[in-house]
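**Q** Before anything else, here's the structure in question.
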Ligand code: HEC
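Residue numbers (this note's numbering): 1 to 125.
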């Protein structure tokens, strides 16, 4: 009987917070996105893949140690995708914490960045 309270007592508050956040994201995600994920029909995923391979892969490749969300790793993306494409795109154009604007490649057009984000999202839910 003492086992469960002891475990909760010994768990760091931050860990509990992260678990609760993940739980909320997982529970609300299907309602926000529907079961098939976001609608990406407006984007050119093939072109996005090229941009990803040239620029974004430097930080977003699975297995890298950077804090960037890894393409293909669903749990990295669930809560991010739930923010909606508009937020993801605005963070990608303008930068977001350690994510540099346009992934640090100012030569990319808005269109190219949009397609790259859509490609990354399409591989990550
Ligand atoms: C120098 C490393 C780096 C490069 C290159 C990079 N990113 Fe990121 N990116 C990050 C980091 C770090 C984060 C996480 C930021 C955070 O959540 O604090 C991130 C987050 C993101 C997110 C999620 C934003 C959100 O709202 O959660 C998207 C979308 C994204 N990057 C798209 C791109 C695209 C598209 C490219 C290529 C054009 C790119 N990134 C290139 C480091 C990078």
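Where is the CB? At the ideal position from N, CA and C, for every residue including glycine.
#1: In its own chain, which residues sit with a C-beta less than 7 Å from the C-beta of residue 114, not counting the 5 before and 5 after it?
#2: Got a sec: does ligand 1 put a non-hydrogen atom nearer than 7 Å to the Cβ of residue 88?
#3: How about residue 49 and residue 119: are their beta carbons less than 8 Å apart?
#4: Are the segment 99-111 and the segment 74-87 in contact at 8 Å, needing three or more beta carbon pairs?
#5: Could you pull out every unbroken beta strand (DSSP E) segment of at least 3 residues lying fully inside the segment 77-125, listed in chain order?
#6: Where residue 74 and residue 38 are concerned, what is the direct C-alpha to C-alpha distance, given to the nearest angstrom?
#7: When DSSP labels each residue in this structure, what does residue 48 get in the three-state scheme?
#8: What is the residue span of the alpha helix (DSSP H) that residue 59 lies within?
#9: Could you check the C-alpha separation between residue 99 and residue 60 for me, to the nearest Å?
#10: Should residue 129 be counted as a contact of ligand 1 given a C-beta to heavy atom distance under 7 Å?
#11: From residue 64 to residue 71, what does the alpha carbon distance come to, in whole angstroms?
**A** Taking the geometry as given:
#1: 43 and 89
#2: yes
#3: yes
#4: no
#5: none
#6: 14 Å
#7: helix
#8: 57-60
#9: 10 Å
#10: The question about residue 129 has no answer, for the chain in this structure spans 1 to 125.
#11: 11 Å
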